[in-house]
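Student: Please find one structure pasted underneath; my questions will follow.
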Amino acid sequence: MSKPKRVAIVAAGINKWGMRPDATFRDIISEAGKACFDSNPKVSNKDIEGLVTSGVYPQRSGPQCHPSPVACEVLGVKPRLFQNTDCQCQSGAVNMRIIWSAIVSGLIDVGMAVGWERILVPNHGERYINAALACDHDWEQGFGMTPPALFAMPALSHMEKYGTTEEQYAKIAVKNHTHSAKNPNAHFQKGLTLEKALGARTVATPYRLFDCCVNTDGAACAILCSEEKAYEYTDNPIWVMGLGQGYTNWTIGNNPKDLTDWQGVRMSGELAYKMAGITPKDIDIAELHDCFTASELIEYEELGFCPKGEGGRWVDDGGNDYGGDVVTQPRGGLIGCGHPFGGTSIAQTHEIYLQLRGEAGERQVEPRPNIGLAQTMSGVGTQSMVTIYGSDDTQH
């Protein structure tokens, strides 16, 4: 495969995430879109030639079918390429890959990725149905499976096989809430103590309340462009270095016998590293799919940040935090920021964009990172997408 054209991110924005019962999905998209254009006034909505939205439950929580042209209208964009994508929690990353592919192919020069969800509808029964829809209709929903129960199984398996402890899982929750306390756009901004995390009520053993992310209302946007256009818009573009997507299966009944063997995550990382021409040791910061604390820990291992089975020890040693090997979840992750399905992946990109440009404020990683990795997934480690970004310094 020949080396593809270079694609840069030249603007990114996010709105305040949280419970927004008074906001429509148009409001949420408008807020994030404005923040995106405000981040780089040189880019205009008239420049956008392609716009892709990622909203996983638009018909249920919008309620709106075919949200992409609605987003175009809200943002004042008249593109020649537009669509919505649903790949569950990977949707935002796949959304950005569609824009990337359109630029690489020459179909467009400038495209905008818009990820959103308005999921916290007032009816609690409706919220439960929305959560259950993430599980297989025929083989999981009917047996009472919800995401906490599904993801508790590999968490317990990791404890049994490698001696991982509840305290090590809780330390990940504390880290992510500590980071989100410095993020004005996060759902949670109060921090968390280890004592409170370990004393919280059980959700699905071994998970306690703070081991789980919450759904939230929110949106994020990013603008990508060709290399030829990048330096017209900024002297500090952030480059897409590598992309990879992995798939093994859908239902948990078809998972590998070892439930801690997340082949989809490992595959997506290997493909992205190969395309970027780097190794895990080159990663400075990482935004991972911490839907649950054990998910983040297993992802450390599958992405090569630490050896298999040693995620708990890596947490104890502080390898996953400021001053460690890889700063993970500097914005607070899903656990600290909340998880609006279609918006999460683009929010990860927004954070890496800020960090690599040295614009992350109080949570800025020092020294300024050069390479960041964003990983998101659907299924229990079986479907994953990794995107690697580099600062302009990495390209010279």
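If you count the sequence shown from 1, you need to add 48 to reach the working numbering. The beta-carbon is built from N, C-alpha and C at its ideal position, and this holds for glycine as well. It should be emphasised that the depicted structure is a prediction, and the values quoted were computed from it without experimental measurement.
1) Looking at G103 and E165, is the spacing between their C-beta atoms short of 8 angstroms?
2) For F258 versus L240, is the C-beta spacing smaller than 8 angstroms?
3) Taking DSSP's pairing of strands, which residues face T194 in a bridge?
4) Distance, Cα to Cα, I300 vs A182?
5) Give, in chain order, every unbroken run of the beta strand (DSSP E) that is at least 3 residues long and sits entirely within the stretch 57-108.
6) Can you check whether the CB of A80 is closer than 8 angstroms to the CB of I62?
7) In this structure, what does DSSP give as the bridge partners for E335?
8) Provide the residue span of the alpha helix (DSSP H) that contains T226, from first to last.
9) Rounded to whole angstroms, how far is the Cβ of A59 from the Cβ of T435, which I believe are closer than 8 angstroms?
10) Cβ atoms of V313 and G294: under 8 angstroms apart, would you say?
11) The beta strand (DSSP E) spanning T250 covers which residue range?
12) Let me know if P232 comes out buried or exposed under the rule of 16 or more other beta-carbons within 10 Å of its beta-carbon.
13) By the 10 Å Cβ neighbour count, where 16 or more other Cβ atoms means buried, how is F530 classified, buried or exposed?
14) Helix, strand or coil for I383, going by three-state DSSP, please let me know.
15) Using C-beta distances below 8 angstroms, list every residue in its chain close to G163, excluding the 5 sequence neighbours before and after it, in chain order.
16) When burial is assigned at 16 or more other CB atoms within 10 Å of the CB, is D86 buried or exposed?
17) Classify V413 as helix, strand or coil using the three-state DSSP reduction.
18) Of the residues E335, L129, Y437, I331, which one's Cα is nearest the Cα of W287?
19) Helix, strand or coil: which one does DSSP assign to V125?
20) For my contact list, P378 and R411 are in at a C-beta cut-off of 8 angstroms; report their separation, rounded to the angstrom.
21) Measuring CA to CA, which of D440, A320, I220 is closest to A422?
22) Do G66 and D369 come within 8 angstroms of each other at the CB atom, strictly closer than that value?
23) List the whole-angstrom C-beta distance separating F130 from P115, where the pair is believed to meet the contact cut-off of C-beta under 8 angstroms.
24) Give me the Cβ distance between H227 and G380, rounded to the nearest whole Å; I'm assuming they're in contact under 8 angstroms.
25) Could you tell me whether the Cβ atoms of G292 and G317 are closer together than 8 angstroms?
26) On the CB-based measure, 16 or more other CB atoms within 10 Å of its CB, does Q403 come out buried or exposed?
27) What is the DSSP secondary structure of Y348, reduced to helix, strand or coil?
28) Can you tell me whether DSSP reads G290 as helix, strand or coil?
Tutor: Taking the geometry as given:
1) Sequence index remark: in the sequence shown, residue 165 carries index 117 (1-based). Sequence index remark: in the sequence shown, residue 103 carries index 55 (1-based). Against a cut-off of 8 angstroms, the Cβ pair of G103 and E165 comes out as a contact.
2) Here residue 258 refers to the residue found at position 210 when the sequence shown is read from its first residue. Here residue 240 refers to the residue found at position 192 when the sequence shown is read from its first residue. Result yes, Cβ atoms of F258 and L240 sit closer than 8 angstroms.
3) On the sequence shown, residue 194 is found 146 positions in, with the first residue counted as 1. Paired residues: none, contrary to the question.
4) Start at 1 with the first residue of the sequence shown, and residue 300 comes out as number 252. Start at 1 with the first residue of the sequence shown, and residue 182 comes out as number 134. Taking the straight line joining both Cα atoms gives about 12 angstroms.
5) 98-102
6) Sequence index remark: in the sequence shown, residue 62 carries index 14 (1-based). Sequence index remark: in the sequence shown, residue 80 carries index 32 (1-based). Yes.
7) Residue mapping note: residue 335 aligns to position 287 of the sequence shown, counting from 1. Partner(s): A422.
8) In the sequence shown, the residue the question calls residue 226 occupies position 178. Residues 214-228.
9) Working through the sequence shown from its first residue, we reach residue 59 at position 11. Working through the sequence shown from its first residue, we reach residue 435 at position 387. The pair is not a contact, with the Cβ atoms about 17 angstroms apart (cut-off 8 angstroms).
10) Sequence index remark: in the sequence shown, residue 294 carries index 246 (1-based). Sequence index remark: in the sequence shown, residue 313 carries index 265 (1-based). The answer is yes: Cβ separation under 8 angstroms.
11) Within the sequence shown, the letter at position 202 stands for residue 250. Its beta strand (DSSP E) spans residues 250-252.
12) In the sequence shown, residue 232 corresponds to position 184, counting from 1. P232 is exposed by the Cβ-count criterion.
13) Nothing about residue 530 can be reported from this structure: the residues present for the chain run from 49 to 444 only.
14) Locating residue 383 in the sequence shown gives position 335, where the first residue counts as 1. Here I383 sits in helix by DSSP.
15) Position 115 of the sequence shown, counted from the first residue, corresponds to residue 163. Only T101, S102, G103, S139, G140, N143, A267, A268, C269, P388, G390, G391, T392, S393, I394, A395 meet the Cβ criterion.
16) Numbered from its first residue, the sequence shown carries residue 86 at position 38. By the 10 Å Cβ count, D86 comes out exposed.
17) One-based indexing of the sequence shown puts residue 413 at position 365. DSSP places V413 in coil when its eight states are reduced to three.
18) As a first step, residue 287 must be located in the sequence shown, where it is residue number 239. When only C-alpha atoms are compared, the closest one is Y437.
19) For the purposes of this step, residue 125 is taken as the residue at position 77 of the sequence shown. Reduced to three states, the DSSP call for V125 is coil.
20) The residue given as residue 378 occupies position 330 in the sequence shown. The residue given as residue 411 occupies position 363 in the sequence shown. With a Cβ gap of about 5 angstroms, P378 and R411 count as contacting.
21) Taking the first residue of the sequence shown as position 1, residue 422 is located at position 374. Cα-wise, what sits closest to A422 is A320.
22) In the sequence shown, residue 369 corresponds to position 321, counting from 1. In the sequence shown, residue 66 corresponds to position 18, counting from 1. No. Outside cutoff.
23) As a first step, residue 130 must be located in the sequence shown, where it is residue number 82. As a first step, residue 115 must be located in the sequence shown, where it is residue number 67. At roughly 10 angstroms, the Cβ-Cβ gap does not stay under 8 angstroms, so F130 and P115 are not in contact.
24) The count along the sequence shown starts at 1 and reaches residue 227 at position 179. The count along the sequence shown starts at 1 and reaches residue 380 at position 332. Going by Cβ atoms, the distance from H227 to G380 rounds to 4 angstroms, so yes, they are a contact pair.
25) The count along the sequence shown starts at 1 and reaches residue 292 at position 244. The count along the sequence shown starts at 1 and reaches residue 317 at position 269. Closer than 8 angstroms, so yes.
26) Within the sequence shown, residue 403 is the residue found at index 355, counting from 1. With 16 or more other Cβ atoms within 10 Å, it is buried.
27) Numbered from 1 along the sequence shown, position 300 holds the residue referred to as residue 348. Y348: helix per DSSP, three-state reduction.
28) In the sequence shown, residue 290 corresponds to position 242, counting from 1. Looking at G290 - three-state DSSP - the assignment turns out to be strand.
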